[in-house]
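As you go down the protein sequences, you meet chains E and B in turn. Under the working numbering, the first residue of the first sequence is numbered 18, with each subsequent residue one higher. Under the working numbering, the first residue of the second sequence is numbered 48, with each subsequent residue one higher. Heads up, the beta-carbon is just placed ideally off N, CA and C, and yes, glycines get one too. Bear in mind that the values here come from a model prediction, so they are computed numbers and not experimental data. Only one structure is covered here, and it is reproduced in the block below.
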Amino acid sequence: MIKTITVIGSGLMGSAIAAHFTNCGCKVNLLDILSKKNSNRNILAEKSIKKLLKIKPSPITLKSNIKNIIPGNIDDDLEIINESDWIIEAIVENLEIKQKLYEKIEKIMKKDLIISSNTSTIPISKLTKGRNDIFKKNFLITHFFNPPRYLKLLEIVCSEKTNQVIKEKIINFSDFYLGKSIIETKDTPGFIGNRIGIFWIERAAIEAINHNLSVEEADILIKNIFNVPKTGVFGLIDIVGLDLIPTVVKSLLENIPKNDLYKKLHKKPEIFDFMISNKFYGRKAESGFYKLVNKDGGKIKYSLNLQTKKYESSHKALIPNFNLIKKNLKQFLEIENKYSFYCRRVLLDILYYVLLIYEEISSDIISIDTAMKDGFGWKLGPFEIIDILGSDWIKNELQKEGLALPKLLNLIENKIFYKVDNNEIKYFDFIQNKYKKIKRGNGIILLSDIKKVKKPIKKISTASLWDIDDGITVFEIHSKSNTLDINTLEFLNQMIDLVSSSYKAMIIYNEGEFFSAGANLGEAMFLGNIGLESELDKILTRGQEVFTKLKYSNFPVVAAPFNLTLGGACEIVLQSNYVQAHIESYIGLPEAALGILPAWGGCKEMLSRFKNNKSIPKGPMPAILKAFEVIGSAKVSSSAHEAIQFGFLKKTDGITMNRNRLLYDAKVKALELIKDYKQPKKNNYNLPGITGFSAMKLYIDNLRSSGQISKHDQYVGETIAHVLSGGTTDINKQVDEEYISKLEKNAISKLFKKNLTIERIEHILETGKYLRN
Amino acid sequence: MVQIYKAPLKDMKFLIRDFINSESNKIYKNSNIEQNDLEMILDEAAKLCEEILLPINQSGDIEGCKLEHGIVSTPKGFKEAYKNFTENGWQGVSVNEKYGGQNLPYFLNMFLDEMISSSNMSFGLYPGLTSNAIEAIEKNASEDIKNLYLPKLASGEWSGTMNLTEPQCGTDLGLTKTMATPQKDGSYKLTGTKIFITCGEHDLSKNIIHLVLAKTPNAPKGIKGISLFIVPKIIPNSDGTLGENNSLECGSIEKKMGINASPTCVMHYNEATGWLIGDLNKGMKAMFIMMNGARLMVGVQGLGMAEIAYQSALHYAKERLQGRSLNGSKSLDKQADPILVHPEIRKNLLKIKTLTEGLRGLMAWTGLQVDIAKIEKDKFNKQNADDWVSLMTPIIKSFATDVGCEATNLAVQIYGGHGYIKDHGIEQLVRDARIAPIYEGTNGIQALDLVGRKMPMHTGRLLKSFFHEVKEYIEKNSFNYNLKDFMPLLIKSYTRLQQVTAFIAAEGLKDPDEAAGAAVDYLKMFALVSIGYVWTKYAEISFNKLNNDPEGFYKAKIESGKYYMTKLLPETGSLMSSILSGAKSYNKYNDEYFDLGFKI
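Laid out in structure tokens, this is it:
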């Protein structure tokens, strides 16, 4: 078991890797070079650790994790490596310096110390040159992608000497505890990710200049052609840091084969030199291809004009026939304008390059697709893109340019790389020239795989119910932003009955971008606006009824949230019988920020959670105050760990580090729960009523008079306080869950009528941002 | 016999005194006028329209405009009428006092425009276009331009035009080709051809100020690269005196179906000097501000045409003796009964009457909201007034102009052969009214504006201004015994509209063609319910006035309302059925099938 590790090199990558190890409970020694100028000999590592707290998005799942990183320096503390289970070298990308460090390590290391390098381009053969056999046996390359907490890819490179047991140990640990998606690559320059990724970035940038596109135009095209969330190419360079690219490029060019296509196509855009000499490195330098300038209290976005090299205010790109990209990519590429020419050029170059070098860099196509998806954020890998375009398209285009057809294109049957055959998903294995079943490995179930070979038990336009064997079902939401509207609630209601009679358990899970943004506020707003309050009322009532039914059904319900899990979705989590959460779960009740309150059982559940929480003092008020703090300040967790602190998850709920394992873990839990399952008992509450309300009101009034909250915040706060204190009850009366549900419903109906609330909801629906009014 | 028209002053005063009075006081206070003043202004306007404009309506149509050597001459009497109009300050009625206007309420302006449209729609276009130009300049131009142009426009000494359409672009202004090249002195040189320019050239005013949409050389493609320019026929000196002629001319005027006394011009700009109005590339935004007002006023034209059609047809129906009443003769002293005795004639007359009176109230209320939005301090009240106006604009424009067409056609029908021949001037009404559903955005476009823009805007917030107002009214009055013949019908149609709105919103999210397919029916339904609400309010008011009703005005209102609620409002039912059945029957109809009946 790996419990303590040492990271050498506390730069951007080293410290972020160290941080991510603390997320799974490891202790980390972080060593950098000795500071000779400063009396504090560990100053470099210490500074890096402090910086971790400022990085956004945060590299750590809880602030307190930082305590588990112990700073040191190589001169004084190198011995500490022998107290570690694994050391990761993440120092400067310079072969000589790395070799010198390894020499030092070799001299003092214990025999079973695992050593890996985070090099991104240097082959393992060069790294271990001159080392003894023990070192070589224990050495491998573990190449993380930045930021390591969020980018799933881990490339592992072993030499012939690397001990297979060690390799398996690292792979297993990285998979289960670091949540990595691991590919084993050959010992070639840049491995798989950077070999293709750097080529892609450079091609996309150069061709954007050649085709006279603005950075916005290039970004929106690249974003939609390769489905890279958010950034596009120039946005990505801004995140990576333009200054880092030339080193990687240089190292790649020095090491790739002589006749490699990249050598032929490589060009250093003049604008890169211009930007580097002006320190326009990207986000870290606060200017890159984009920059934000503070003006009149807001931020204005500027972008660099690639032709004039001057910043201009940024405009949203307008691409003619833009919708075609998603509807019919091939047709889009046939249009005769610079946008389509650009996309065709970049796509063709990348796909052609992959078809030339696949054998050199990988032993299967899956690793290549995985590398681009999990390391560069593509939604589809290169072979998956070819499947969509059709290999005939590539053949045709290559022929037009007079290029020889890569042999792989002629080998594949039916012109596709992946296919479903006999209810099995298969890929084309180019070594044996045949289609082979994709093996997901133990402990991985993907709904996307199931969807390829099965039909849902029941389906509506916004949700489906799936049979995942052994009596377990998955309730999948697939509406826009996975929001919950009245039809979805009614469907869930019917599915509860169905599972109750014909299956054993229900897992609420999906594989969208995020779990769910909560209730469909747009629907509610619209119905309110056209005066159909009765329909609005129905949404509220049905939500409460269905979620209560979910909680007290005769079978276990396991929620498996990941990423955003807000409002109504959080209330599903709160009312499930068990939760198996991905570590990257951003769970919360942001209702108060929208001028409303949780009314599908959120208040009710938070009250009973804190009442039963042993770390909260006894007595009526502490639990209520805690619930008030969480709901009133619209808290959203930044990780599953934080969700436990906020009370959205129980300590007994499960956390899965690897996204691909989430459904399997949830299913294991469901199978465990169905053995003599008993539904939970209903909660009763003794709430303080008006006296408790007064205490909270005092607190709210203070916030208001000190100017920390607005008048409407105050009103919303008091409404929440009214519900949490139990309305007009008193401490001697016992009230039930229905009583609180009613309070929730009345309160939200009242808030929904307020103009300032409506304004907030309108604003978030239109801009995605919260309005403070 | 000629066209018959007396301004409906009693009805307008009813609206001022009884219908909008609950909220109009705020407006009076703000602009230092009293209700009495408004009524006097209406009386004066009525005289102008009945005595000056109506007599030259038919003759103007017959004579038309003429173009000779680039100069357009207007029909006989128009110059004198325009002189009378401007000298009495009618052009500047709702213009800001700062620029020499009278800053009178917008709703009043709507009454005036209605009278002008009834009495002479062609004439109304000259000052109407000037008003549009004034609004566009006031809301977008720099102070220098405002100070130079607005006083002259407000006095009517100069007139204005709007230049949008080009041969290759009508509804889709993104295709604009007219080019504006920047000059060193900050001005622009404009080159291009604009068509369908109402009153682009004429002999009524001393100068004509063209507002022209054009593109600058490096502007973004499409609608986002369009800017608005002011291009005077004669370039004024900085003191407002006239300088040299600009290089633009009227190339030809269109021969057209109606509004023959107003010239529809082809305008050539050949390096004409102009100045930017508002921000570069934001021409459409500037246009839209103006377009809302212009669209409401086209709706008013529809109403005006319906009113004169009603009065003419009523006059004829009372005078024309043909046949006998089926229930025994009514006028035994005469050879035959007047055709008014026939049920179909009565039904048609009441159809026009109740639609015009209902629309007039809806427009007055909407005009009042324009005024309220201008002065209201409370953010949400102001927003609500603005929302109401934005929502109602396509509904009023489209429905009122359709009513204008239907009413004038019904008038011809009542006149029979005498309507079809030219002598009575009734066929002219049909021809004049026919343009209104087309210009300022066709009625089809209005319906798309309602369903595609106004409905989803701010998640339905615009709808709220209507639905919540009616809902509150229903809640307040559902047990009002007086309204027992009104409320159930209003509630039924209102509920239908709610259902259909929710249906279209949901369907539209799945397939925009479904929403677009239902748009025209939906707009009509919305208009019918809105007018149903107006009639219910009329009835509520009238019941309280019955004890002092010597002429039976209020009694008549109640009876008219009953006709509307039982005969016209129920059409919401068939419209609902049609909408709920979806748009597939035409959206998915095979293109090939259209011509199978005659293709060889």
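List, in chain order, every chain B residue whose beta-carbon is nearer than 9 Å to that of residue i.
| i | result |
| --- | --- |
| glutamate 779 (chain E) | His505, Thr506, Arg508 |
Residue i versus chain B: which residues are under 8 Å apart at the beta carbon?
| i | result |
| --- | --- |
| leucine 583 (chain E) | Correct list: empty, because the minimum Cβ distance to chain B is about 18 Å. |
Which residues in chain B sit within 7 Å of residue i, going by Cβ to Cβ distance?
| i | result |
| --- | --- |
| phenylalanine 543 (chain E) | Thr506, Gly507, Ala552 |
| glycine 612 (chain E) | In chain order: nothing, as chain B lies at least about 14 Å away. |
| glycine 539 (chain E) | Thr506 |
| leucine 768 (chain E) | Near leucine 768 (chain E) there are no residues of chain B at all, since even the closest Cβ is about 15 Å away, more than 7 Å. |
| asparagine 782 (chain E) | What sits at residue 782 (chain E) in the sequence shown is leucine, not asparagine. Near leucine 782 (chain E) (Cβ distances below 7 Å), the residues of chain B are Thr506. |
Please list, in chain order, the chain E residues whose beta carbon lies closer than 7 Å to that of residue i.
| i | result |
| --- | --- |
| phenylalanine 427 (chain B) | Asn772 |
| glutamine 545 (chain B) | Ile547, Gly548, Leu549 |
Anyone know if the C-beta pair for residue i and residue j falls short of 9 Å?
| i | j | result |
| --- | --- | --- |
| asparagine 490 (chain B) | glycine 564 (chain B) | no |
| leucine 622 (chain B) | lysine 571 (chain B) | yes |
| leucine 260 (chain B) | leucine 220 (chain B) | yes |
| aspartate 484 (chain E) | tyrosine 520 (chain E) | yes |
| glutamine 597 (chain E) | aspartate 670 (chain E) | yes |
| lysine 621 (chain E) | asparagine 700 (chain E) | yes |
| histidine 37 (chain E) | leucine 261 (chain E) | no |
| tyrosine 569 (chain E) | proline 473 (chain E) | no |
| threonine 39 (chain E) | asparagine 82 (chain E) | yes |
| alanine 651 (chain B) | valine 345 (chain B) | With chain B represented from 48 up to 647, any question about residue 651 (chain B) goes unanswered, as that position is not in the structure. |
| glutamate 213 (chain B) | glutamate 248 (chain B) | no |
| isoleucine 104 (chain E) | valine 24 (chain E) | yes |
| aspartate 255 (chain E) | threonine 264 (chain E) | no |
| leucine 415 (chain B) | tyrosine 153 (chain B) | yes |
DSSP three-state label for residue i, please.
| i | result |
| --- | --- |
| glutamate 606 (chain B) | helix |
| tyrosine 168 (chain B) | The sequence shown places methionine at residue 168 (chain B), rather than the tyrosine named in the question. Methionine 168 (chain B): helix per DSSP, three-state reduction. |
| methionine 48 (chain B) | Model confidence at methionine 48 (chain B) stands at a pLDDT of 48, short of 50, so the residue's coordinates are unreliable and nothing is read from them. |
| lysine 318 (chain E) | strand |
| glutamate 779 (chain E) | helix |
| leucine 170 (chain E) | strand |
| tryptophan 410 (chain E) | helix |
| histidine 727 (chain B) | It is not possible to answer for residue 727 (chain B), since the shown part of chain B is limited to 48 through 647. |
| glutamate 646 (chain E) | helix |
| tyrosine 603 (chain E) | strand |
| methionine 502 (chain B) | coil |
| tryptophan 322 (chain B) | strand |
| phenylalanine 434 (chain E) | coil |
| isoleucine 448 (chain E) | coil |
| aspartate 747 (chain E) | coil |
| tryptophan 617 (chain E) | coil |
Using the beta-carbon of each residue, which ones in chain E are nearer than 8 Å to residue i?
| i | result |
| --- | --- |
| threonine 548 (chain B) | Ile547 |
| lysine 271 (chain B) | Leu335 |
Q.
Along the segment 497 to 528 of chain B, where does the CB come closer than 7 Å to a CB of chain E? Name the residues.
A. For the segment 497 to 528 of chain B, which is checked against every Cβ of chain E, the residues closer than 7 Å are His505, Thr506, Gly507, Arg508, Leu510, Lys511, Phe514, His515, Lys518.
Q. Using Cβ-Cβ distances below 7 Å, what residues of the segment 496 to 519 of chain E are close to chain B?
A. Going along the segment 496 to 519 of chain E in chain order, one finds no residue with a Cβ nearer than 7 Å to chain B.
Q: Note down, one range per segment and in chain order, each beta strand (DSSP E) of at least 3 residues found wholly within the segment 314 to 401 of chain E.
A: List check, beta strand (DSSP E) in window: 315 to 321, 328 to 330.
Q. Residue ranges of each beta strand (DSSP E) run of no fewer than 3 residues wholly in the segment 204 to 242 of chain B, ordered along the chain?
A. Fully enclosed beta strand (DSSP E) runs of 3 or longer: 205 to 210, 226 to 229.
Q. Along the chain, which unbroken stretches of the alpha helix (DSSP H) at least 4 residues long are found entirely within the segment 216 to 242 of chain E?
A. DSSP runs (the alpha helix (DSSP H)) wholly in the segment 216 to 242 of chain E: 232 to 242.
**Q.** Secondary structure, beta strand (DSSP E): runs of 3+ residues fully inside the segment 266 to 314 of chain B
**A.** Fully enclosed beta strand (DSSP E) runs of 3 or longer: 273 to 279, 281 to 283, 289 to 292, 295 to 300.
**Q.** 4 or more residues per run - each alpha helix (DSSP H) lying fully within the segment 566 to 642 of chain B
**A.** List check, alpha helix (DSSP H) in window: 600 to 610, 618 to 627, 631 to 634.
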